[in-house]
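Numbering (the numbering used here), first residue to last: 89 to 237.
Heads up, the beta-carbon is just placed ideally off N, CA and C, and yes, glycines get one too.
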């Protein structure tokens with residue numbers, strides 16, 4: 089099983105993908121450790137602040153050194169440049185709020201799982217055509233559980 093398949097399997101087993109951002113790297117590390125101690129093995133750190141890349145690099149080091157079996161992805165990726173930077177920083181997967189062909193290409197050409205945000209059937213079809221194995225219903229606040237069925 090390749091890494092993307094392992095990540096998809098972990099998402100299914102875990103049943104949720106916790107996500108967060110904080111400017112304080114120590115708080116980021118504490119949250120990540122607490123999630124790991126609670127059984128979480130997959131985490132989406134979000135690109136929502138000025139310290140995102142630096143803090144992600146620190147979290148990548150923490151996960152590699154202390155948290156075996158944990159996958160660390162990056163969310164809120166809106167352009168190819170950011171996708172490439174976080175891939176180079178060690179992202180295991182990329183989550184973006186939109187279906188973006190350029191981000192799909194950068195992610196998939198680097199063998200990184202790409203999870204685009206979709207709301208409509210058309211967006212889901214576009215994401216599948218671009219190579220998405222999984223989509224994130226986004227923004228989820230607009231729909232409820234009945235939307236998925």
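request  = Starting from residue 278, follow the beta strand (DSSP E) in both directions and report where the run begins and ends.
outcome  = The structure shown has nothing for residue 278, since the chain only spans 89 to 237.
message = Can you give me the C-alpha to C-alpha distance between residue 103 and residue 205, rounded to a whole angstrom?
response = Here residue 103 is taken as the residue at index 15 of the chain shown, counted from 1. Here residue 205 is taken as the residue at index 117 of the chain shown, counted from 1. Cα-Cα distance, rounded: 18 Å.
task = Tell me whether residue 124 sits in a helix, a strand or coil according to DSSP, three-state version.
result = Start at 1 with the first residue of the chain shown, and residue 124 comes out as number 36. Helix at residue 124.
task = Using alpha carbons as the reference points, say which of 168, 147, 158 and 166 lies closest to residue 98.
result = Mapped onto the chain shown, residue 98 falls at position 10. Out of 168, 147, 158 and 166, 158 has the C-alpha closest to the C-alpha of residue 98.
inquiry  = Suppose the cutoff is 6 Å on Cβ atoms and the five residues either side in sequence are ignored; what does the same chain contact list for residue 89 look like?
reply    = Counting from one through the chain shown, the residue named residue 89 turns up at place 1. Excluding sequence neighbours, residue 89 sits near nothing in its chain.
key: CA-to-CA distance, residue 160 to residue 220, given in whole angstroms   = Position 132 of the chain shown, counted from the first residue, corresponds to residue 220. Position 72 of the chain shown, counted from the first residue, corresponds to residue 160. Rounded to the nearest angstrom, the two C-alpha atoms are 18 Å apart.
ask   = Below 8 Å, can you find three or more Cβ-Cβ pairs linking the stretch 189-196 to the stretch 165-176?
value = yes
query = Leaving out the 5 sequence neighbours to the left and right, which residues in its chain are closer than 6 Å to residue 132 when beta-carbon positions are compared?
reply = Counting from 1 along the chain shown, the entry for residue 132 is found at position 44. Cβ within range, chain order: 105, 107, 161, 163 and 183.
ask   = Given a threshold of 16 other Cβ atoms within 10 Å of its Cβ, counted over all protein chains shown, does residue 203 qualify as buried or as exposed?
value = Along the chain shown, read from residue 1 onward, the residue named residue 203 stands at position 115. Its Cβ being crowded by 16 or more others within 10 Å, residue 203 is buried.
Helix, strand or coil at residue 109 [DSSP, three-state] = Stepping through the chain shown from its first residue, residue 109 is reached at position 21. Residue state, collapsed to three classes: coil.
key: Candidates 211, 233, 155 and 168, of which the one nearest residue 122 by Cα   = Locating residue 122 in the chain shown gives position 34, where the first residue counts as 1. Checked all of 211, 233, 155 and 168; the closest Cα to residue 122 is 155.
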